[in-house]
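Taken in order, these protein sequences are the chains called C and E. All residue numbers for the first sequence refer to our numbering, where the first residue is 511 and numbers rise by one. All residue numbers for the second sequence refer to our numbering, where the first residue is 372 and numbers rise by one. Below is one structure, written out as structure tokens; comments come after it.
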Amino acid sequence: MKKYLSTYTALTLQKHFCLAVLFILLPSAAFASASADRVGMSSLLQKGLAELVELDVSLSTGTSKPLKFAPSVATVITAKDIEEMGAATLDEILETVPGLHVQPSGSSIFTSTWSIRGIYTQMNPQVLLMIDGQPLKININGIKPYRLRMPVSMISRIEIIRGPGSAVLGADAFAGAINIITKNSDEIDGANIGMRGGSFGSYEGWAQHGGSYNGWNIALGAEYAKGDGDHDRIIEKDALGSGPPSLAPGPLDTHYEAFTANMSARKGKLTFKLHNSWMMDNGIGAGISNTLNGGNSSTNNFLLAGSLKYQEKDLLKDLDLTATLNGSYTWIENTFYFVPESFLRAAGLCPASSSKCGMIGKPGGAELNGGFELAGEYKGFTAHLTRLTIGYNNFDVTTFQHKNFGPGVPIQYGDLVDISDTPYVYMTDQNRSMFYAGIQDEWAFAKDWELTSGIRFDSYSDFGSAISPRIALVWSATPELTAKLMYGRAFRAPSFGEMHTRNNPAVLGNPSLQPETINSYEVALDYRPNRSLRFGLNLFKYEINGLIDYLPDPAPATTRTAQNARDQKGQGIELEAEWQATDKLRLRANYSYQRSIDQTANAVVPDVPAAKFYLNAHWKFMPDWSLDGQYFWVGSRHRVVGDLREDIKDYDLVNLTLRRKNIAKHWDFAVAVRNLFDEDVREPAPAVVPGDYPMEHRSFWAELRYNF
Amino acid sequence: MLPRLFQAGGSFMVLFAVFTLLFSFVWAGPLQNVGYAVQQAAQEYELKAVYLYNFLQFVQWPESKRQPLRDGSMIIGVVGESPFGEALNELQTDVRKSGMSPVRIVYYGQFEDYKDMSTCHLLFVSSSEKRNFAKIVAGLRNAPVLTVADSENFLSSGGMINLVQSGGKIRWTINRAAADRAGFRFNAQLLSMALKVLD
């Protein structure tokens, strides 16, 4: 506790004071300005075009605000928001969400970890990432593709749901769920291309087309990105120390090459979607065991996900039916250099009989998943809207591996040997199937009151079943104020890797794992005193049982084994404000604070920020021109018990984006600077990297878009 | 237990049985339909109705060709199955109440060749007339009628404005070539805020 309080330095207090002032000032400005306003016909008529185009619309058909997500704490970020803030990747967008923090994982191939409300683990499988409703997941580890770099050109909007979503989405919507909705042919309507280039040898290009052929509405998009990464992200020490044989001090390897493509085809009641994320060649930061490797290690993973949906409106009176077939194919090959060659030479471990010397592992896998879902929505009951879902999925994993060390390899540290179908492979081939059935009912039981209740049953072939209920009460107290009270329970299935990894020098599986579960309680208030102002206040409290994490095995072992490591309790608050101050200036801010306790260690959950603040100003200072500023503050990140280093330094970060539309006929132009003040931003690293991971220094980019 | 049912084969039959059972439970209820709680956002067709009204204000009619009716009203016509529910009627009332320039609504019903729709100022073509888009537009070509729809192929069939859903909001695309042919001039704001303008 004391440790926790002591981090509230004068600086922190000052910032918190400023925030408090901001949140007090904004409402008073609101009361001073205008009277209450319902978004009904008469108030719509009072609005100018500029305001009308900003209105969220609740669609009478379509999926803009899917019923299934309705009562939850969600943030929706649209293509326009993304363009305005100048975000180039999904990670950049997510950092603007209250309670969500993006940081690299020291244990998961330097993949970004998205911690939500203090739920943070090394591999981060507690957040479900979906594209058009289909999970984007490597089932071996139950996580998103390694070093996923999701470009933004094809994104129509992103729905970020904080809090448990298993009652609707099943396993893994545990801390939250992120659903990316891609642009349809209408939104692209024609063709456009764009290119962006900037610091650290980064460049990317994209092309999109939307049109109609033989009654099929087709949307196509592809984006290619490549970059060297910031070579000045130097770590002074790695797991081998500093100086030979270690390659430290040296740079984190964050080079990347990624190809992403999307396709959708729609005709009448049929919709076909295909998504491809191909992380072709991506560095893995400090290396697989936090040992710099001179840029040899990399991940190459390919994911193809497709779905075919058939929608029948009014199949019977008041009954809509949706049938979906889905399938995905994933191919992964990682190349890990565990220690630099210099280390093996110094230790005299290089084989005399081979010219090659290294400690190399190339674990890989191919996954094939398929399933179907039937969902029915029935509006026939008075004041009820009922949704029923059933589905089935099958997951199949084939593993393969080349390696030049350990059991099964004749010449240690020499030539690579294929150990794919031997007892020495990191995991045997795996299969699991699951069945689910869920029901949800939305009941408008009184004027201004609505009760949503749902329950879902998931049954897995390999570890058992889970029941996930949820209930939400929504009260539209006044036209300006909505209050929500929510309870939900979610679970996360142990992944194949967590259960079955073996022969691995870094992490080991545990077949007796149980699913981790969370119970969460939330209160959400939404207040719109007038049409230019919005406030949100969310309070949450949760309890996790049996959170799965890799814990270090007793010395001298250097491995970590998956365990239902701990129970965790947390609570917190999120404040959001949006103010259209003038026609030309819009301000957005959010502040989030969480306090999560690892109940086993009886200590604050380490490495994740307790508090976070985001301020965004968007200024259209001349017709066709806009300037967007982002300010981030991330603070109060503690060390794990027993780690004697000082707490991780807080940081401030400022980004600017200047955009000019129609710079010439059909052309748009933008320039941006990231980390304007070149702040030394650090994200937590394990104790073997005592200086933590340095993040990107100041960088610039320029962008051109052409609309045909 | 359930997974074992699957492995035993006939799994699809089991699924469908479960599904049918669940639905028969639902059908047992009274078959009445009511509206659901209004969300904190505009209703789609209320907003679209207001857009139609705004378009009337943001478009310059070809000179001398088309004037409002004697009482100053402009006519919004709807051809095909109207998706607006009560929204357009409400628009008509609200506009009158608040002393804004009045509108009248004409529902033409299903498209037939003999129906003359050239008397309205703005014609909303429902998606139920998707097959007749080109015919409807061709039938109007010489009349100064602003054509609006919210369907994917409308502009390519010669329509002028198409309302589209973009990121949970409603925007529009414009076929300026078609509008030019009918002698319309669009206000700059309408053009600059369009998602796309076809020249």
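Just so it is clear, CB atoms sit at the ideal spot from N, CA and C, and this is done for glycine as well. These numbers were taken from a predicted model, which means no experiment stands behind them.
Ranked by how close their Cα comes to the Cα of Leu878 (chain C), the residues C:Ser986, C:Val919, C:Ala687 and C:Leu813 have C:Leu813 in first place. Taking the CA atoms as reference points, Leu493 (chain E) sits about 5 angstroms from Leu517 (chain E). Relative to Phe1050 (chain C), the option among C:Ala1087, C:Gly680 and C:Val583 whose CA is nearest is C:Val583. Taking 9 angstroms as the CB threshold, Glu500 (chain E) stays off the interface with chain C. By the criterion of at least three beta-carbon pairs nearer than 8 angstroms, the segment 684 to 702 of chain C is in contact with the segment 528 to 546 of chain E. Counting along the chain, Met1009 (chain C) sits inside the alpha helix (DSSP H) bounded by residues Phe1006 to His1010. Residue burial is scored here from C-beta neighbours: Tyr479 (chain E) has at least 16 other C-beta atoms within 10 angstroms and is therefore classed as buried.
Against chain C, the beta carbon of Leu566 (chain E) has neighbours under 8 angstroms at Glu697 and Asp699, listed in chain order. In this structure, the alpha-carbon of Arg743 (chain C) lies about 46 angstroms from that of Phe967 (chain C). Around the beta carbon of Arg552 (chain E), fewer than 16 other beta carbons lie within 10 angstroms, which makes this residue exposed. Residues of chain C with a Cβ closer than 8 angstroms to the Cβ of Met471 (chain E) are, in chain order, Leu555.
At least one CB atom of chain C sits nearer than 9 angstroms to the CB of Val535 (chain E). For Gly837 (chain C), no alpha helix (DSSP H) encloses it; the enclosing beta strand (DSSP E) starts and ends at Leu829 to Tyr847. For Leu562 (chain C), the secondary structure class from DSSP, reduced to helix, strand or coil, is helix. At a beta-carbon threshold of 8 angstroms, the residues of chain E lying near Met551 (chain C) are Glu417, Ala420, Val421, Ala458, Glu461, Leu462 and Asp465, ordered along the chain.
Separation of Thr1069 (chain C) and Gly1019 (chain C) (C-alpha to C-alpha, rounded to the nearest whole angstrom) is 11 angstroms. Annotation for Gly871 (chain C): Phe846 and Lys913 place their beta carbon closer than 6 angstroms to its own, counting only its chain and skipping 5 residues before and after.
In this structure, the beta-carbon distance from Gly737 (chain C) to Asp763 (chain C) does not fall below 9 angstroms. In this structure, C:Ala1180 is the residue among C:Ser625, C:Glu594 and C:Ala1180 with its C-alpha nearest to the C-alpha of Leu1214 (chain C). Per the C-alpha coordinates, the member of C:Gln940, C:Gln950 and C:Pro873 positioned closest to Leu895 (chain C) is C:Gln950. A Cβ-Cβ contact shorter than 9 angstroms links Ala749 (chain C) with Ser799 (chain C). Apart from sequence neighbours up to five positions away, the residues of its chain that approach Ala1091 (chain C) with a beta-carbon distance below 7 angstroms are Leu1097, ordered along the chain. Per DSSP, Phe782 (chain C) is not a residue of any alpha helix (DSSP H); the beta strand (DSSP E) it occupies stretches across Leu780 to Asn792. With the criterion set as a beta carbon lying under 7 angstroms from some beta carbon of chain C, the members of the segment 510 to 544 of chain E are Glu523, Asn524, Ser527, Val535, Gln536, Ser537, Gly538, Gly539, Lys540, Ile541, Arg542 and Thr544, in sequence order.
At least 9 angstroms separates the CB of Lys506 (chain E) from every CB of chain C. Under the 9 angstroms criterion on CB atoms, Gln560 (chain E) is classed as interfacial with respect to chain C. For Asn425 (chain E), the nearest beta carbon of chain C is closer than 9 angstroms to its own beta carbon. For Asp1036 (chain C), the enclosing beta strand (DSSP E) stretches over residues Glu1026 to Tyr1037. No Cβ of chain C is located within less than 9 angstroms of the beta carbon of Leu494 (chain E). Take Leu526 (chain E), set aside five residues on each side of it, and the residues of its chain with a beta-carbon closer than 7 angstroms to its own are Asn533, Thr544, Asn546 and Leu569, in chain order.
Within the segment 830 to 858 of chain C, not one residue has a Cβ closer than 8 angstroms to any Cβ of chain E. Residue range Met551 to Gln556 is occupied by the alpha helix (DSSP H) that includes Gln556 (chain C).
A straight-line Cα-Cα distance of about 44 angstroms links Glu883 (chain C) and Asp484 (chain E). Judged by DSSP in its simplified three-state form, Tyr478 (chain E) adopts strand. Look at Phe429 (chain E): its C-beta is under 9 angstroms from a C-beta on chain C. Residue environment: Pro608 (chain C) is assigned as buried (16 or more neighbouring CB atoms within 10 Å of its CB, all protein chains considered).
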